[in-house]
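Just so we're aligned: 213 in UniProt numbering is position 213 of the sequence shown, and the numbers increase by one with no gaps anywhere. Every residue gets a Cβ at the ideal spot worked out from N, C-alpha and C, and that includes glycine. In this text, all values refer to a predicted model and were calculated from it rather than measured experimentally.
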Amino acid sequence: MSDREEVRRRIIDATTRLLRDKGREGVTTRTVSGAAGVQAPTIYRLFNDMNGLLEAVAADGFARYLVQKHSQALSDDPVDDLRRGWDTHIGFGLENPAHYLLMYGQPTPGSRTRAAVQALARLRMLVERIAVAGLLAVGVEAAVSMVHAAGVGLTLNLIGTPPEERDPTLPDRLREAMIASITTAAPAGAPSAAQRAVALKAVLGEVADLYSPGERALLNELLDRVADHTPAR
């Protein structure tokens with residue numbers, strides 16, 4: 001590690017400790033420079049400004065979050081893997097509320113860190129495994145959006161609720177309600193046309209080079225139409 005990288009790491013670690021111990025209000029140029037043992041100009045030279053520093057700290061928090069998620073070995077039960085991913089997400093937010101608020105508390109349209117994109121990619125992979133197993137009741141993108149919105153919304157709500165007022169059963173109950181809304185039981189007979197369409201779309205990425213962009217767009221549109229179709233009874 002170069003001297004520059006070592007100093008940058010020290011500043012990020014110091015800011016992380018300040019966030020944990022004193023909250024966002026406790027993070028100032030003066031407190032960070034004192035905790036990291038550097039002069040204030042060093043912070044600006046490495047991060048441009050305090051917003052740049054906080055962005056770096058948020059990215060570092062995302063990276064640790066990804067380490068947690070990637071440390072989970074996948075099982076032969078894709079739905080249970082999604083359950084464990086949900087639990088990891090909620091647990092990380094409650095254990096690191098200041099980091100979580102930096103990451104999710106002030107969303108900006110069209111702006112997402114590389115680590116956030118990787119986290120969503122991980123979630124999408126978990127959902128696609130459910131689709132390939134024929135157990136997804138909605139389209140992959142819809143399921144990803146539902147899980148992400150439910151998980152982030154719940155975590156922000158819990159962070160804003162005093163610990164003694166939190167319902168400890170809420171994360172599990174919402175998790176199971178969310179899973180019930182996007183999954184379906186393994187069919188006793190042949191899977192429905194909608195289930196097969198969802199599963200086929202989930203594996204198209206594995207053979208993407210076989211199709212032109214226009215062909216992929218058409219396939220996606222047709223498969224979405226089948227997946228969203230409810231046959232008349």
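(1) Can at least three beta-carbon pairs, one atom from the segment 64-72 and one from the segment 127-143, be found at a separation below 8 Å?
(2) Can you tell me the Cα-Cα spacing of I11 and V32, whole angstroms?
(3) Counting along the chain, where does the alpha helix (DSSP H) carrying R8 start and finish?
(4) Just to confirm, does Y100 get its C-beta within under 6 Å of one of the non-hydrogen atoms of the ligand GTP?
(5) Since V144 is in the alpha helix (DSSP H), which residue starts that stretch and which ends it?
(6) What residue from Q118, D224, A56 has the CA that sits closest to V198's CA?
(7) Is it true that the segment 163-170 meets the segment 97-111, where meeting means three or more beta-carbon pairs spaced less than 8 Å apart?
(8) For a quick check, are the C-beta atoms of A119 and L66 less than 7 Å apart?
(9) Taking 8 Å as the cut-off, does the segment 131-142 touch the segment 48-65 (at least 3 CB pairs, one atom from each stretch)?
(10) If you drop the 5 nearest sequence neighbours on each side, which residues of the same chain put their C-beta closer than 7 Å to that of Q39?
(11) Given that a residue counts as buried once 16 or more other Cβ atoms are within 10 Å of its Cβ, and exposed if not, what is R30?
(12) When you compare only the Cα positions, how much space is there between G110 and E221?
(13) Buried or exposed for R8, please, with buried defined as at least 16 other CB atoms from any protein chain shown within 10 angstroms of its CB.
(14) Where D49 and A36 are concerned, what is the direct C-alpha to C-alpha distance, given to the nearest angstrom?
(15) Measuring only the C-alpha atoms, how far is A116 from F62?
(16) According to DSSP, is L123 helix, strand or coil?
(17) Can you give me the C-alpha to C-alpha distance between Y104 and G85, rounded to a whole angstrom?
(18) Does DSSP classify S75 as helix, strand or coil?
(19) Alpha carbons only, please: which of L210, A143, A59 is nearest the one belonging to V79?
On the basis of the data shown:
(1) Judged by Cβ distances under 8 Å, the segment 64-72 makes no contact with the segment 127-143, as fewer than three pairs qualify.
(2) Working through the sequence shown from its first residue, we reach residue 11 at position 11. Working through the sequence shown from its first residue, we reach residue 32 at position 32. A direct Cα-to-Cα measurement between I11 and V32 gives close to 7 Å.
(3) Counting from one through the sequence shown, the residue named residue 8 turns up at place 8. Annotation: the continuous alpha helix (DSSP H) that includes R8 extends over 3-22.
(4) Here there are no bound small molecules, and the ligand GTP is not part of this structure.
(5) Here residue 144 refers to the residue found at position 144 when the sequence shown is read from its first residue. Counted as a single uninterrupted DSSP element, the alpha helix (DSSP H) harbouring V144 occupies residues 140-159.
(6) Sequence index remark: in the sequence shown, residue 198 carries index 198 (1-based). Considering only alpha carbons, the answer is D224.
(7) Too few Cβ pairs lie closer than 8 Å, so no.
(8) Start at 1 with the first residue of the sequence shown, and residue 119 comes out as number 119. Start at 1 with the first residue of the sequence shown, and residue 66 comes out as number 66. Here A119 is near L66, since their CB atoms are less than 7 Å apart.
(9) The answer is no - the segment 131-142 does not touch the segment 48-65, with fewer than three Cβ pairs under 8 Å.
(10) Taking the sequence shown and counting its residues from 1, the one referred to as residue 39 is at position 39. Within the same chain, and ignoring the five residues on either side of Q39 in sequence, the residues whose Cβ sits closer than 7 Å to its Cβ are S33.
(11) Against the sequence shown, residue 30 aligns to sequence position 30. Its Cβ having fewer than 16 others within 10 Å, R30 is exposed.
(12) The residue labelled residue 110 in the question sits at position 110 within the sequence shown. The residue labelled residue 221 in the question sits at position 221 within the sequence shown. One C-alpha to the other measures close to 24 Å.
(13) If you number the sequence shown from 1, residue 8 lands on position 8. Note on R8: 16 or more other CB atoms within 10 angstroms of its CB, so buried under the neighbour-count rule.
(14) Here residue 49 refers to the residue found at position 49 of the sequence shown. Here residue 36 refers to the residue found at position 36 of the sequence shown. The straight-line gap from Cα to Cα measures roughly 16 Å.
(15) On the sequence shown, position 116 is the one that residue 116 refers to. On the sequence shown, position 62 is the one that residue 62 refers to. When rounded, the distance between both Cα atoms is 7 Å.
(16) Mapped onto the sequence shown, residue 123 falls at position 123. If DSSP states are grouped into helix, strand and coil, L123 belongs with the helices.
(17) The residue you call residue 104 lines up with position 104 of the sequence shown. The residue you call residue 85 lines up with position 85 of the sequence shown. Each residue's alpha carbon lies about 17 Å from the other.
(18) In the sequence shown, the residue the question calls residue 75 occupies position 75. Here S75 sits in coil by DSSP.
(19) Taking the sequence shown and counting its residues from 1, the one referred to as residue 79 is at position 79. When only C-alpha atoms are compared, the closest one is A143.
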